[in-house]
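Note that the working numbering has the sequence shown beginning at 626, numbered continuously upward.
Note sheet for the following structure.
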Amino acid sequence: MKNITTIHRRKTPDSFKLLPKVSRKTRKAIYLEASKYINDLTKLIFGGIILTNILNFNIDKMIIFVSGFIAVIILTAFSFALFLKGKE
């Protein structure tokens, strides 16, 4: 019988990874900053809901209120989750 040799794939060097290794302290700082950013977006969406109501645009207000408040609730929850992850 013939000797069967295995074929090994070449390993890619670490420089080709998508994201570099980040220290735990840096990751926590990134989570906290992302939390602040998402919280600011939430405030802007809430302000947009109020301004839309004040300016009386020709749009269905119920759709704006429902979609806006759903977006505010989802983004607030995501911001809070990132804040907790940054504080652990």
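Ideal Cβ placement from N, Cα and C applies to all residues, glycine included.
Glutamate 723, enclosing alpha helix (DSSP H) - first and last residue:
Coverage of the chain is limited to positions 626 through 713, which leaves residue 723 absent and any answer about it impossible.
Does the beta-carbon distance from lysine 653 to glycine 711 come in below 9 Å?
Judged by their CB atoms, lysine 653 and glycine 711 are nearer to each other than the 9 Å cut-off.
Out of curiosity, what's the CA-to-CA distance linking arginine 649 and serine 704?
Each residue's alpha carbon lies about 19 Å from the other.
Would DSSP call threonine 631 helix, strand or coil?
Of the three classes helix, strand and coil, the one that applies to threonine 631 here is coil, per DSSP.
Do leucine 700 and asparagine 678 have their beta-carbon atoms positioned less than 9 Å apart in this structure?
Going by C-beta atoms, asparagine 678 is not nearer than 9 Å to leucine 700.
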